[in-house]
Each structure stands twice: as structure tokens, then as C-alpha cells.
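Residue 9 is where the sequence shown starts when you use the working numbering, and the numbers rise one by one after that.
Step one of this worksheet: look at the structure below.
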Amino acid sequence: MTTPTIILIGFMGAGKTLVGQTLAQKRDVGFFDVDHEIEKAANKTIPNIFSEDGEAAFRDIETQVLQQAVRFPGIVATGGGSVDRPENVAILKQSGATIIYLYGPLEDTIKRLLPEKQRPLLNQKSTLAFFELWQKRDPLYRSVADYVVEIVDKPAATIVNEIINTIDADVATKDLLYLRSQIDTVDRKLINLIAKRMQLVDEVADYKKSYHMPVVQKDRMNQMRAALKNEFSAHSHVEEQMIDELLNLLLKMSIEREREQLE
Ligand SMILES: Nc1ncnc2c1ncn2[C@@H]1O[C@H](COP(=O)(O)OP(=O)(O)OP(=O)(O)O)[C@@H](O)[C@H]1O
Ligand SMILES: O=C(O)C1=C[C@@H](O)[C@@H](O)[C@H](O)C1
Ligand SMILES: [Mg+2]
């Protein structure tokens, strides 16, 4: 049986190269990185192609390499601009390959790229122009993708497992898997936020220790609860009971943590 082609698309920094390499190792198939092949074809780095030959020359080579990539038996990581040209969109759509969009909000992907300084467009463009580019590309990625996988706050290994579950699933469950992919992202965000809350609780404990204040301050707790119920009263997905139960848990955890530090 021939090895199918799986193509990863998405904005720069989404993790197409890292996730693609990990996925290829896990599936024991070959890996083709479009950016890497462009550099080999031009015999220079991407920043040098942009600065010496210009973006249009880069895009010409990208289209040629993309034509080879869609026939590669294994995992393909594209460049972030693979949907910029209508002819590339057509190549991807007609490829018959399984196309996976690694989706993450712009700010999360940019944060990863800032230390690397390897993406010429990130250095050239203003914040606004960069945001516009992301907004223009997002629907294009979605238009060619068979599956969308949420990447935010997930390690590469988790994303790889999600991709494997997604491509091995039947078509009828793909929408359910995307909803679950989004829920998994929200869960990771929640845990990161709770960790941040506990960090603040540690600072409050230090403060209370310095000023010899009691851990439990009933007025403050009642006031927090009332304010949240009031602010979210019109929200169709937030019930009072939910606020009560979540706050009970958060306050219990916080009080225990403060007591450990104060007593
Ligand atoms: N899920 C992840 N968790 C943590 N770091 C990640 C993750 N995915 C990618 N990274 C890191 O983010 C940076 C950008 O990732 P990568 O080069 O794979 O992105 P890309 O989508 O291939 O970008 P480009 O379109 O520019 O080629 C790398 O340093 C990589 O190690
Ligand atoms: O988003 C883009 O246009 C680019 C992304 C990178 O993968 C490289 O292909 C290059 O830096 C351009
Ligand atoms: Mg890459």
C-alpha cells in the first residue's frame, strides 16, 4: 500500500515543522519541509532569498516546491504563506492529500517566533499589517483543510496524538473531534489561569504574613461572590450555581495554600 500524503498548513510559528517531524517519526514515514526544500533549491537561506531576490522570487520557488510536496508519500510541513497565491490554493485543493490546519491565535504563534528572527515577514511588517495577513490567511487555510487542530497551550506530542486520532477517525466524527480539540485547548488555558491564580495567592499569603492578617476574610469572599454573580447574570452559559461551585473549589484551594504558608 502506498504511504498517504498528510500536509500541515497554518500560520508561521504554528508548529508545522516541529509537529510534522514528530508525526513522521511516530508514524515511521518520511518528512518533507517545504521551506527546507526551498532553501536547498535556491542554495541560500530564506532570509537571504527575501533580501537578495525579493518575496516574489521566493513565492515562485515555493509554488514549484509545493507541486512536488503534494505528491510526497509521508508528512509535509508547508510554509506559512502556502495559501497566499490562488494557484497554491488550487494545488492543495486538487492534491487529494489529507490537509490539516494547525490553528492558533496570532499572538500565541508570534510569541514563539520572536526569539528566532528567521521569518523575514515578521521583521518587515508592522503589527497591523501582520494581523491583516493573519486575518486574510485564516479563511484560506480553512478552505483547503480537511481537519482543523487547535494548538494553543498544547505540547507537540499532544498535537501529534490529536492529529493521529483525527486522521484515523471516520468522516462523520471529524466535527466532533474539532469541537473536542477546542475544548482541550480551553482546559489547558483554564489550568494555566488557575496556576496563575495560585501564584497570586502566594503573594497574598506573603502580604498577610507581613501584616499579621488572618487567612480567611469573610467580607472579601462574599463580596467576590456577589460581584461575579451580578456581572455574569445575563450570560446564557453561566449559572449562579456554577459560580458558587467554582468559587467554593478555588477558595478552598487558596485557603489551604495560604494556611500552609502562614501556619
Ligand atoms: N506545540 C508547541 N509547543 C511548544 N513549542 C512549539 C510548539 N510548536 C512549535 N514550537 C516551537 O515554536 C517555534 C516555531 O515552530 P515551527 O518552526 O515548527 O513553526 P512553523 O509552523 O513550521 O513555522 P513556519 O511557517 O515559519 O515554518 C519553534 O521554536 C518550535 O520549536
Ligand atoms: O508566512 C510566510 O509567508 C512565511 C513563512 C515561513 O514558513 C517561510 O516560508 C517564509 O518565512 C514566509
Ligand atoms: Mg516550518
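We put the CB at the ideal spot given by N, CA and C, even for glycine.
In the DSSP output, which residue or residues are listed as bridge partners for residue i?
i: T106; result: I14
i: G21; result: According to DSSP, which records beta bridges pairwise, G21 is partnered with nothing at all.
i: D36; result: Partner(s): none; D36 has no beta bridge.
i: V156; result: Y109
i: I83; result: I14, F39
Report back the beta-carbon spacing between residue i and residue j to the nearest angstrom; my notes put them in contact at under 8 angstroms.
i: P81; j: G38; result: 7 angstroms
i: L255; j: R233; result: 6 angstroms
i: N96; j: L74; result: 6 angstroms
i: V160; j: I107; result: So it is not a contact: roughly 20 angstroms between Cβ atoms.
i: K182; j: T174; result: 7 angstroms
i: G89; j: E60; result: The pair is not a contact, with the Cβ atoms about 18 angstroms apart (cut-off 8 angstroms).
i: A213; j: L270; result: 6 angstroms
i: K237; j: I251; result: 6 angstroms
i: F139; j: L114; result: 6 angstroms
i: A177; j: V27; result: Rounded, the Cβ-Cβ distance is 18 angstroms, inconsistent with contact.
i: K48; j: T86; result: Rounded, the Cβ-Cβ distance is 16 angstroms, inconsistent with contact.
i: Y186; j: Y219; result: Actually they are not in contact, since the Cβ atoms of Y186 and Y219 sit about 50 angstroms apart, beyond 8 angstroms.
i: S262; j: V209; result: 5 angstroms
Are residue i and residue j touching if we call contact CB-CB under 8 angstroms?
i: A77; j: V42; result: yes
i: V157; j: I167; result: yes
i: T13; j: V91; result: no
i: L141; j: K133; result: yes
i: E266; j: K216; result: yes
i: I15; j: L129; result: no
i: P55; j: Q126; result: yes
i: E170; j: S189; result: yes
The stretch 109-119 / the stretch 18-28 touching (three or more Cβ pairs under 8 angstroms): yes
Beta strand (DSSP E) segments (min. 3 residues) lying fully within the stretch 201-268: none
Complete beta strand (DSSP E) runs within the stretch 159-203 (minimum length 3 residues, chain order): none
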